[in-house]
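Peer 1:
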Amino acid sequence: MPDDNLWAEDTERELQENQGSSRPVSPRKKGSRLRRRLGLFFVLLIIGAGVVLGLHLGGVWDIRPFAEKLGIIKSETLSPADRRQQELEEWASRLSKKENELNEKEHNLEVLSQDLVSRKDALLVKETEIQALEKDSNDSKVQNEESLQALVQTFQEMSSRRAASIIEQLDQKLAVKLLLKMPEDSVASILGRMDPGRAALLTEQLALQKDR
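Last residue of the sequence shown? That's 213 in my numbering, and every number before it is there in order.
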């Protein structure tokens, strides 16, 4: 029976095809797929960790609170005493910084003040010399005496050190005239703060003038 034989062959072929399609996958292929999936997972995990770390280091996102919740890092909560100590240290640091700034400003003001005093002393030297020239050209003895006495009063009102630094720069004759008008204790104090050579010369001239 040809038809029966043909049907049997078709049935056998279908059974073979069904058996081939339902053939189980070999363990080797399963292991290969699993390794690929695990490898892809770890690659993605490393990339994600790198992105998160980059955001944290760049200051975009602070991951510490999240990491503390997951237990990755321990929370560093300060005790009230430690927090107070930290606040005191920060306050002391700010205070020290302010103190340094004030000291620097004070130093700058002191330098500026010394410069102004030096300029003022230089002007006073010139003014004294000019007044002396005017007195020499003036016939009025009374006016000469009044001008000289005013200069003497000016030098007596300043410190001995400052008066000495100014008188040292004056013409020798004018310096002697001024010192002759001053009290002896003021003269001694001023000469004691001068250059020894200059003080000795003026002392000699004062002695000669007093002997006349």
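For every residue, glycine included, the Cβ atom is placed at its ideal position computed from N, Cα and C.
1) Please report the Cβ distance between residue 164 and residue 191, rounded to the nearest whole angstrom; I am assuming they are in contact, meaning their Cβ atoms lie under 8 Å.
2) Which term fits residue 188, buried or exposed, when burial requires 16 or more other beta carbons within 10 angstroms of its beta carbon?
3) Might you give, ordered along the chain, the residues of its own chain that have their beta carbon closer than 7 Å to the beta carbon of residue 176, omitting 5 neighbours on each side?
4) With 16 as the cutoff for other CB atoms within 10 Å, does residue 42 come out buried or exposed?
5) Could you pull out every residue in the same chain whose Cβ sits closer than 7 Å to the Cβ of residue 58, ignoring the five residues on either side in sequence?
6) On a CA-only basis, which of 155, 40, 200 is nearest residue 173? Give me that one, please.
7) Roughly how many angstroms separate the alpha carbons of residue 89 and residue 107, rounded to a whole number?
8) What span of residues does the alpha helix (DSSP H) with residue 172 cover, start to end?
Peer 2: According to the data block:
1) 5 Å
2) buried
3) 168, 203
4) exposed
5) none
6) 200
7) 26 Å
8) Residue 172 -> no alpha helix (DSSP H), and no H or E assigned at all.
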